[in-house]
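Here's the structure, in structure tokens; my notes come after.
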Ligand SMILES: [Zn+2]
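Chains as they are written, first to last, in my numbering: chain V, 1 to 85; chain L, 1 to 209.
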């Protein structure tokens, strides 16, 4: 495998989306190519940063309530709702 | 709604009750399958619109549609992916087709969000402490937002929402190979952006103690 091929597989390697065969070829290349190895480490780090630093906001309570209402609109006859607040 | 039919009164009643039991079952299933993804969906909408009230509208519309078409959801597949796709379609219909501009990007509000949570979050970097860890939430967010749409989208779906390449390919309607290369290029671009921030603060990105 050459560098160009390794870079095609880079993201999938980060996300564990390679086939077994691809992974073997990829790892073999990394063991002989420092440049690709470094880039692989950087790519993994970038993914980690995104996961760590991008904060998930909590949906506003008004939105939660309206979704709950929305999905119980059609059950006109039921008073005993299963909503919890 | 129902035609009054006095002769069938009793029968209609029983039918109505069993129907609503069915409806209730659907409702329960919808809540455990779909409503549990409300936060993810809201965040996805927020990333797309960059505007909280547009995001709320989008999420509402999405759930309304999803509930109506819940029968067509293929049981056993990823419901979150299904909802994301509906939301994305709504977003396109609403803001792109009608060439109606989304509401003004509310950077200040987003910054406020980040500031309000920053205090609550304890940033215990259990991993090695390097320049990445000195980055602030809003800097990473801004870097992500600055990427071209096609890169931003796959990074969001992959790294934030944890979808598989197959699911992403389906959502963005492109082959898996395209997803791979967009992720590769997107992460590379993002890294360059982040290194820019790090340099701004005089943090050495090549060699850290
Ligand atoms: Zn190489």
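Just so you know, even glycine gets a beta-carbon here, dropped at the ideal spot from N, CA and C.
Mind checking whether the beta-carbon of residue 34 of chain L lies closer than 7 Å to any heavy atom of ligand 1? To locate residue 34 of chain L, count along the second chain from 1; it is residue 34. No - ligand 1 has no heavy atom lying nearer than 7 Å to the Cβ of residue 34 of chain L.
Three-state secondary structure (DSSP) of residue 20 of chain V: Here residue 20 of chain V is taken as the residue at index 20 of the first chain, counted from 1. Note: residue 20 of chain V maps to helix in three-state DSSP.
With 8 Å as the threshold, decide whether the Cβ of residue 63 of chain V is near any Cβ in chain L. Counting from one through the first chain, the residue named residue 63 of chain V turns up at place 63. For residue 63 of chain V, the answer is yes, since a Cβ of chain L falls inside 8 Å of its Cβ.
Any C-beta of chain L under 8 Å from that of residue 40 of chain V: Counting from one through the first chain, the residue named residue 40 of chain V turns up at place 40. It does not; no Cβ of chain L falls within 8 Å.
May I ask you to verify whether the segment 166-179 of chain L touches the segment 191-200 of chain L, counting CB pairs closer than 8 Å and requiring at least 3? no
Are there 16 or more other CB atoms within 10 angstroms of the CB of residue 129 of chain L, so buried, or fewer, so exposed? As a position in the second chain, residue 129 of chain L is number 129, starting the count at 1. Bear in mind that the predicted position of residue 129 of chain L carries a pLDDT of just 48, short of 50, making it unreliable; the figure below should be weighed with that in mind. Counting Cβ neighbours within 10 Å, residue 129 of chain L comes out exposed, since fewer than 16 surround it.
Residue 81 of chain L, enclosing alpha helix (DSSP H) - first and last residue: Locating residue 81 of chain L in the second chain gives position 81, where the first residue counts as 1. From DSSP, the alpha helix (DSSP H) with residue 81 of chain L extends over 79-91.
Going along the segment 30-47 of chain L in order, which residues come within less than 7 Å of chain V, judged by CB to CB distance? 30, 31, 35, 38, 39, 42, 43 and 46
Could you tell me the distance, in whole angstroms, from the CA atom of residue 177 of chain L to the CA atom of residue 158 of chain L? Position 177 of the second chain holds residue 177 of chain L. Position 158 of the second chain holds residue 158 of chain L. Between residue 177 of chain L and residue 158 of chain L, the C-alpha separation is close to 14 Å.
Mind checking whether residue 67 of chain V and residue 28 of chain L have CB atoms under 8 Å apart? The residue you call residue 67 of chain V lines up with position 67 of the first chain. The residue you call residue 28 of chain L lines up with position 28 of the second chain. Not closer than 8 Å, so no.
Under 9 Å between beta-carbons, which chain V residues line up against residue 60 of chain L? List them in chain order, please. Residue 60 of chain L sits at position 60 when you count from the first residue of the second chain. Within chain V, the residues near residue 60 of chain L are 63, 66, 67 and 70.
Thinking C-beta only, is residue 180 of chain L closer than 8 Å to residue 151 of chain L? In the second chain, residue 151 of chain L corresponds to position 151, counting from 1. In the second chain, residue 180 of chain L corresponds to position 180, counting from 1. For residue 151 of chain L and residue 180 of chain L, no; Cβs fall outside 8 Å.
Might you give, ordered along the chain, the residues of its own chain that have their beta carbon closer than 7 Å to the beta carbon of residue 121 of chain L, omitting 5 neighbours on each side? As a first step, residue 121 of chain L is located in the second chain; it is residue number 121 there, counting from the start. Note that residue 121 of chain L scores 46 on pLDDT, short of 50, meaning its location in the model is unreliable; the coordinates nonetheless yield the value given after this. Closer than 7 Å at Cβ, skipping near neighbours: no residue.
For a minimum of 4 consecutive residues, which ranges assigned as the alpha helix (DSSP H) are wholly contained in the segment 128-170 of chain L? 137-145 and 149-155
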